[in-house]
Amino acid sequence: MEILDNILKEFDIEYLQCKTMEECNALRVKYLGKSGKVTEALKEIKNVPNDEKKAYGESVNKLKVLIEGRISDLNVKLEEEAYQKELEDMERVDLTVPAKESRGSLHPITITQHKIEEVFKSMGFIIEDGNEIETEYNNFEAVNIPKNHPARDMQDTFYLANGQVLKTHTSARQNYIMRKYGAPLKAIFPGRCFRNEELDASHENTFFQLEGMMIDKDISISNLIYFMKTMLSSVFGREVKVRLRPGFFPFVEPGFELDCSCPYCGGSGCGVCKRSGWIELCPCGMIHPKVLEMGGIDPNEYQGFAFGLGLSRMAMMNFEINDIRVLNGGKLKTLKSAHTK
Ligand code: DAH
Numbered sequence: 003m004e005i006l007d008n009i010l011k012e013f014d015i016e017y018l019q020c021k022t023m024e025e026c027n028a029l030r031v032k033y034l035g036k037s038g039k040v041t042e043a044l045k046e047i048k049n050v051p052n053d054e055k056k057a058y059g060e061s062v063n064k065l066k067v068l069i070e071g072r073i074s075d076l077n078v079k080l081e082e083e084a085y086q087k088e089l090e091d092m093e094r095v096d097l098t099v100p101a102k103e104s105r106g107s108l109h110p111i112t113i114t115q116h117k118i119e120e121v122f123k124s125m126g127f128i129i130e131d132g133n134e135i136e137t138e139y140n141n142f143e144a145v146n147i148p149k150n151h152p153a154r155d156m157q158d159t160f161y162l163a164n165g166q167v168l169k170t171h172t173s174a175r176q177n178y179i180m181r182k183y184g185a186p187l188k189a190i191f192p193g194r195c196f197r198n199e200e201l202d203a204s205h206e207n208t209f210f211q212l213e214g215m216m217i218d219k220d221i222s223i224s225n226l227i228y229f230m231k232t233m234l235s236s237v238f239g240r241e242v243k244v245r246l247r248p249g250f251f252p253f254v255e256p257g258f259e260l261d262c263s264c265p266y267c268g269g270s271g272c273g274v275c276k277r278s279g280w281i282e283l284c285p286c287g288m289i290h291p292k293v294l295e296m297g298g299i300d301p302n303e304y305q306g307f308a309f310g311l312g313l314s315r316m317a318m319m320n321f322e323i324n325d326i327r328v329l330n331g332g333k334l335k336t337l338k339s340a341h342t343k
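Per my numbering, the very first residue in the sequence shown carries number 3; after that it's consecutive.
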């Protein structure tokens, strides 16, 4: 019995000196381990006289439970202290300090779009939005591309189960705009378009166009040339020349490919214009009488011009991006470097 008292006294001293989890563990081994002091004391029972065995056994067990309890309490206490210390040592994050990382910015396409919108707004055009999912009628029939017309081949797209399509061009909004506003009308409508394309540096399945229409009495190709020249000079920040070549689009008659003198070299020839001095920029033409009619406008009274500017293409030129896939790639690093050029 005296031995047991000594074990407890000894334990109490060591217990108070115990400051870390490791020390606590060592203490546990020293007293409760396989050859620990308490375990040894338990084994001693065989040497105790029979009539004292019961009392001895009870006392050793009491001691064991007591020491186990204290060690377990100590463990909890040390664990909590260690956790608190870890928290204190942890690097503090001050959420109120402005982030070091650079801020987000508008996408090159959005920036280019805003620029062009500003110019057209100043010329009295309204800006309209469009759907990305369109009826087959709006995308094709309403712009004079009937079912089975070969022009549909060039604009293969994604057909939805309900028969609607992902719009292949912003011209899909022409009919809606004409019906909404009637004539006279001056509107531009930018939007995202989709086509079934083989992807390469200049072809994407998702790209942006900006469509424009001007409808009034006595509108001629001269108006078209004037507006396009003014707009492009303003967007590129320098005077440009434009020229028209014939081009076929079922919704215009006559139809043109509009070229712009290269805004980078001024027409003398450079990498951007492939040394030709001209850049093919914008298909356009005089709106086909049938298209006006389908839009509820009398072609005998009104005429108009329309154009479909390649907005992705304009953004690429503006930001010196030479692979169209960069635009939808979502690689901020690449887009950012385009910004800083
Ligand atoms: N929608 C045509 C395309 O994506 C582009 C176009 C050509 C639009 C002539 C027009 C236009 O408004 O007059 O290929």
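Every residue gets a Cβ at the ideal spot worked out from N, C-alpha and C, and that includes glycine. In this text the structure is predicted, and so the values were computed from the model without any measurement.
Tell me, which residues are paired with Glu-312 by DSSP? Checking the sequence, you will find Gly at residue 312 rather than Glu. BP columns for Gly-312 point to Gln-211.
Coarse secondary structure for Val-254, derived from DSSP in three states: strand
In terms of residue numbering, what span does the beta strand (DSSP E) encompassing Leu-187 cover? 187-196
For my contact list, Ile-9 and Lys-45 are in at a C-beta cut-off of 8 Å; report their separation, rounded to the angstrom. Rounded, the Cβ-Cβ distance is 13 Å, inconsistent with contact.
Less than 8 Å between the CB atoms is what I'm expecting for Val-167 and Val-293, so what's the real figure, rounded? Wrong, their Cβ atoms sit about 18 Å apart, outside the cutoff.
I'd like the list of long-range same chain contacts for Glu-91, defined as Cβ closer than 7 Å, with 5 residues on each side in sequence excluded. Rather than Glu, the amino acid found at residue 91 in this sequence is Asp. So the list is empty, once near-sequence residues are dropped.
Report the rounded CA-to-CA distance for Met-216 versus Ile-190, giving the unit in angstroms. 9 Å
In or out: Leu-226 buried (at least 16 other Cβ within 10 Å) or exposed? buried
My output table needs one value for Val-167: the three-state DSSP class, helix, strand or coil. strand
Any contact of the stretch 175-192 with the stretch 121-140, i.e. 3+ C-beta pairs under 8 Å? yes
Between the alpha carbons of Asn-77 and Lys-48, how many angstroms are there, rounded? 32 Å
For Gly-59, I'd like the list of residues in its chain whose CB is within less than 7 Å of its CB, leaving aside the five on either flank, ordered along the chain. Ile-47
So, Asn-150 versus Tyr-178, is the Cβ gap smaller than 8 Å? no
Report buried or exposed for Asp-334, applying the criterion of at least 16 other Cβ atoms within 10 angstroms of its Cβ. A quick correction: the sequence has Leu, not Asp, at residue 334. Leu-334 should be labelled exposed.
Identify which residue in Pro-100, Asp-7, Cys-195 and Met-319 has its Cα closest to the Cα of Tyr-266. Met-319
Stretch pair the stretch 193-204 + the stretch 278-286: three plus CB contacts closer than 8 Å: no
Between the alpha carbons of Ser-173 and Phe-142, how many angstroms are there, rounded? 9 Å
Can Ser-173 be considered in contact with the ligand SAM, in the sense that its beta carbon sits closer than 7 Å to one or more heavy atoms? Looking for the ligand SAM in the displayed structure turns up nothing; the ligands present are the ligand DAH.
Could you tell me which residues DSSP pairs with Glu-259 in its beta bridges? Arg-247 and Pro-285
Is any non-hydrogen atom of the ligand DAH found closer than 7 Å to the C-beta of Ala-308, if you look at the structure I gave you? yes
Minimum length 3: unbroken beta strand (DSSP E) runs contained in the stretch 10-98: none
Which same chain residues end up closer than 8 Å to Glu-295 when comparing Cβ atoms and leaving out the 5 residues on each side of it in sequence? Pro-301
Any heavy atom of the ligand DAH closer than 7 Å to the Cβ of Pro-285? yes
Give a yes or no on whether the C-beta atoms belonging to Arg-181 and Gly-297 are separated by under 8 Å. yes
Indicate the three-state DSSP secondary structure (helix, strand or coil) for Ile-179 in the structure shown. helix
Hey, out of Ile-118, Ile-73 and Leu-97, whose CA is closest to Ala-317's CA? Ile-118
Using a 10 Å radius around the Cβ and a threshold of 16 neighbouring Cβ atoms, would you call Gln-86 buried or exposed? exposed
Cβ neighbours of Glu-241 in the same chain (closer than 7 Å, five flanking residues each side left out): Ser-235
Determine the DSSP secondary structure at Glu-200, reduced to helix, strand or coil. coil
In the DSSP output, which residue or residues are listed as bridge partners for Tyr-161? Val-167
Neighbour-count burial assignment, Pro-248, 16 or more Cβ in a 10 Å radius: exposed
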